[in-house]
């Protein structure tokens, strides 16, 4: 039995996504073409835009389709700071962000911006006050992720978004890549000015994402060209991917609330079961997504554990897959800033659940983890 | 237009039957290397190999032949009639197609070799005639017999003459597969592929033996070793890779043996398994990438203790080399970039904090006492898988 618990890295396609992709093979027109073929493609894109808005829980505003979550984050950060750089030279983010947010901020730093990286508490959660304290009259942009991709921490974006309403000149961006399609009405909840989403985390293919922009907010583009997507994302639209993202968003709108409850119960059981393994330390932030569970097995190497579980058909990852460059695990910056000791960081693995994960799969995973962890500790001891 | 390449080989000390075997094998290897180029032909002509091919094939074929062991140098040649005018115009073409220095007039000389003594002019006379014609046709050129930018060679043979200006060095060595088969202990590191390459250069047919310790080493680590085997096959024509399932051996060592001797015993187990595979496959020797003193375990004491488990010769071609030399060679043969990919090999796990650097044989034997050596070797050999890599596949990549 194969148990895929690496859904925060990527997910298999939803059956309805596979269907729509098949269907889109014959909708090959360029949406910019004047003839019927173009119109047909354009209609599909507009339908998908509505589906994404609905899944985000917002009624109006702009949805700009991008080449994925990383591109959405880049567009948000560079688009806002370039456009509104006259308002100030300061930006705020957290130390636990994904590299697709951290690296754009580091690039801004090199351009002379002041960047405040707010530290998390020891559980990986970031209190709203700490973010808000960093905001000054000079702050152009605040960017905080909704759900952390390594610990599952659900950061208090609603509270931050609410408070930032007092500062109309400060733009609030939320990286919602691990929240979209899982937390119902994520963007309206976060009161975000901009909200990034990705397709392949919710059953759509890789290479498609979107940035939600609230009505009235103007950005500069990052890519220049034919002026597609309201001038914010030039390049012929990825109609196949866009339709797929629409279908996945629509699937999520219908089921997210119910799934969240169900998954909460299951992941609670899952954590409980992990805690019965003597060496296991579960890292559970005070507010945590039921879709991501992080745990350490001090003395083991996460990489070895991944391969040991793989031998029995259970697929998990060390930290985030993106940081495992070339297949080799790099120490997680998130776990490091949480102050975990070296053995806990090296021995960390992440379980992440998706649209297809059920209780049986999670139970099976626990059984395999129990067996493999016992064998590994027996084999290598705790001193390696 | 039809073109030619002359390929030269050395090892002139070979005599009699050895020499004709050498030549036959070399010609076969050259033909195998030429297989991807349709219409390219190789034939033996008095101590050389003449390759006939199309214009656009010259550069890629030269590049390929530089990787054929046994060839010492290569030249693209123009084959012309035994006629002074033909020599003159061919020599002018050589100069015209040569790279020339900037800022001063280019210099040349003409060197003539006359194996056909019936040709009416002797070598200095031909050189004079051809050199004069070049100066008249290309007035910017000067003659410099000591340090010319370009040397135009004219080789006057019985039926025709070869005119050329380029001499490309070959890799040298002995023809691949001229020395019999040996087992190479191939890790994913920098050293062992170089050791294997040096063996191939002396005619060894390689059967690589890799120890895989899933889950302690990943499938990507194995892929890396397969890539190395493929690169080596690009040189040697063919490399067989035996992948040994080594996890159980390592866990047993961990369970039964004292930590300071893990590495010594692991190496002894590897050599025992390699010895068994060698006997099954009829391999004449084993090869490793060890060199003396490079890491703490590569001491003479350690080598002696590890070596004691086999009667086969264990060849260590890197024993006289420094790390920097090994790295330079790994870059030259094209294995370096793959070797430094960051996947664990099975030596880097289970490294105890205090390994014995000078383990005695008695000590190692005592430490192995509780280990079911024969059963472990038997089982590991039974679970070994085999895969063969061919040079043609590396070209297709």
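Protein chains in written order, with the numbering used here: chain W, 1349 to 1732; chain P, 6 to 402.
Just so you know, even glycine gets a beta-carbon here, dropped at the ideal spot from N, CA and C.
Please read these numbers as outputs of a predicted model, since none were measured by experiment.
Backbone CA spacing between residue i and residue j [nearest angstrom]
{"i": "residue 1521(W)", "j": "residue 190(P)", "result": "55 angstroms"}
{"i": "residue 1367(W)", "j": "residue 1548(W)", "result": "16 angstroms"}
{"i": "residue 203(P)", "j": "residue 1700(W)", "result": "48 angstroms"}
{"i": "residue 1504(W)", "j": "residue 1393(W)", "result": "32 angstroms"}
{"i": "residue 1713(W)", "j": "residue 1623(W)", "result": "14 angstroms"}
{"i": "residue 1433(W)", "j": "residue 1566(W)", "result": "12 angstroms"}
{"i": "residue 58(P)", "j": "residue 66(P)", "result": "9 angstroms"}
{"i": "residue 1601(W)", "j": "residue 1707(W)", "result": "22 angstroms"}
{"i": "residue 1779(W)", "j": "residue 1584(W)", "result": "The question about residue 1779(W) has no answer here: the residues shown for chain W are numbered 1349 through 1732."}
{"i": "residue 1451(W)", "j": "residue 233(P)", "result": "35 angstroms"}
{"i": "residue 1594(W)", "j": "residue 1369(W)", "result": "11 angstroms"}
{"i": "residue 1398(W)", "j": "residue 1391(W)", "result": "11 angstroms"}
{"i": "residue 200(P)", "j": "residue 335(P)", "result": "10 angstroms"}
{"i": "residue 1682(W)", "j": "residue 397(P)", "result": "47 angstroms"}
{"i": "residue 1691(W)", "j": "residue 1645(W)", "result": "8 angstroms"}
{"i": "residue 1728(W)", "j": "residue 44(P)", "result": "59 angstroms"}
{"i": "residue 149(P)", "j": "residue 89(P)", "result": "22 angstroms"}
{"i": "residue 1640(W)", "j": "residue 1423(W)", "result": "26 angstroms"}
{"i": "residue 184(P)", "j": "residue 1666(W)", "result": "47 angstroms"}
{"i": "residue 326(P)", "j": "residue 298(P)", "result": "11 angstroms"}
{"i": "residue 1578(W)", "j": "residue 1571(W)", "result": "12 angstroms"}
{"i": "residue 296(P)", "j": "residue 328(P)", "result": "9 angstroms"}
{"i": "residue 62(P)", "j": "residue 330(P)", "result": "33 angstroms"}
{"i": "residue 289(P)", "j": "residue 319(P)", "result": "10 angstroms"}
{"i": "residue 1375(W)", "j": "residue 1358(W)", "result": "26 angstroms"}
{"i": "residue 3(P)", "j": "residue 169(P)", "result": "Residue 3(P) is absent from the structure shown; chain P starts at 6 and stops at 402."}
Contact under 7 angstroms by Cβ, residue i with residue j
{"i": "residue 155(P)", "j": "residue 94(P)", "result": "no"}
{"i": "residue 1568(W)", "j": "residue 1417(W)", "result": "no"}
{"i": "residue 1457(W)", "j": "residue 1463(W)", "result": "yes"}
{"i": "residue 9(P)", "j": "residue 82(P)", "result": "yes"}
{"i": "residue 1506(W)", "j": "residue 1537(W)", "result": "yes"}
{"i": "residue 135(P)", "j": "residue 74(P)", "result": "no"}
{"i": "residue 1629(W)", "j": "residue 1694(W)", "result": "no"}
{"i": "residue 1720(W)", "j": "residue 1561(W)", "result": "no"}
{"i": "residue 235(P)", "j": "residue 394(P)", "result": "yes"}
{"i": "residue 1497(W)", "j": "residue 1596(W)", "result": "no"}
{"i": "residue 122(P)", "j": "residue 160(P)", "result": "no"}
{"i": "residue 1540(W)", "j": "residue 1564(W)", "result": "no"}
{"i": "residue 277(P)", "j": "residue 386(P)", "result": "no"}
{"i": "residue 258(P)", "j": "residue 270(P)", "result": "yes"}
{"i": "residue 15(P)", "j": "residue 77(P)", "result": "yes"}
{"i": "residue 1686(W)", "j": "residue 1468(W)", "result": "yes"}
Boundaries of the alpha helix (DSSP H) in which residue i is found, first to last residue
{"i": "residue 1587(W)", "result": "1587-1623"}
{"i": "residue 1363(W)", "result": "1363-1372"}
{"i": "residue 78(P)", "result": "Here residue 78(P) belongs to no alpha helix (DSSP H); instead the beta strand (DSSP E) covers 76-85."}
{"i": "residue 94(P)", "result": "89-101"}
{"i": "residue 1561(W)", "result": "No alpha helix (DSSP H) holds residue 1561(W); the beta strand (DSSP E) holding it covers 1557-1561."}
{"i": "residue 1549(W)", "result": "Taken as a continuous stretch (DSSP letters only), residue 1549(W) belongs to no alpha helix (DSSP H), as it is neither H nor E."}
{"i": "residue 1387(W)", "result": "1384-1404"}
{"i": "residue 261(P)", "result": "252-261"}
{"i": "residue 273(P)", "result": "267-286"}
Run of the beta strand (DSSP E) containing residue i, from where it starts to where it stops
{"i": "residue 1542(W)", "result": "1542-1546"}
{"i": "residue 392(P)", "result": "390-395"}
{"i": "residue 14(P)", "result": "7-14"}
{"i": "residue 1700(W)", "result": "1696-1700"}
{"i": "residue 1647(W)", "result": "Here residue 1647(W) belongs to no beta strand (DSSP E), and DSSP marks it neither H nor E."}
{"i": "residue 1717(W)", "result": "Careful: residue 1717(W) lies outside any beta strand (DSSP E), inside the alpha helix (DSSP H) at 1707-1728."}
{"i": "residue 116(P)", "result": "112-119"}
{"i": "residue 1411(W)", "result": "1410-1414"}
Nearest-angstrom beta carbon gap, residue j and residue i [assumed within contact, 8 angstroms]
{"i": "residue 244(P)", "j": "residue 238(P)", "result": "4 angstroms"}
{"i": "residue 1642(W)", "j": "residue 1655(W)", "result": "Actually they are not in contact, since the Cβ atoms of residue 1642(W) and residue 1655(W) sit about 18 angstroms apart, beyond 8 angstroms."}
{"i": "residue 1511(W)", "j": "residue 1480(W)", "result": "5 angstroms"}
{"i": "residue 307(P)", "j": "residue 252(P)", "result": "Contact flag wrong, Cβ pair sits at about 24 angstroms."}
{"i": "residue 13(P)", "j": "residue 69(P)", "result": "Rounded, the Cβ-Cβ distance is 16 angstroms, inconsistent with contact."}
heavy atom of the ligand MG below 6 angstroms from residue i C-beta
{"i": "residue 1352(W)", "result": "By its list of ligands, the structure shown contains no ligand whatsoever, and the ligand MG lies outside what it can speak to."}
- Task: Give, in chain order, every unbroken run of the alpha helix (DSSP H) that is at least 4 residues long and sits entirely within the segment 293-375 of chain P.
- Result: The segment 293-375 of chain P contains these whole alpha helix (DSSP H) runs: 305-312, 328-338, 341-344, 366-373.
(Q) Quick check for students: name the residue ranges of the alpha helix (DSSP H) that lie wholly in the segment 1417-1442 of chain W, counting only runs of 4 or more. (A) DSSP runs (the alpha helix (DSSP H)) wholly in the segment 1417-1442 of chain W: 1417-1431.
*asked:* If we require 4 or more residues per run, which alpha helix (DSSP H) segments fall completely within the segment 162-223 of chain P?
replied: For the segment 162-223 of chain P, whole alpha helix (DSSP H) runs of length 4 or above, ordered along the chain, are 196-206.
- Message: Ignoring anything shorter than 4 residues, give me the alpha helix (DSSP H) runs that lie fully in the segment 1450-1527 of chain W, in order along the chain.
- Response: If we require 4 residues or more, the alpha helix (DSSP H) runs fully inside the segment 1450-1527 of chain W come out as 1476-1482, 1505-1512.
| request: Please specify which runs of the beta strand (DSSP E), each continuous and at least 3 residues long, are wholly inside the segment 16-51 of chain P, giving them in chain order. | output: 46-50
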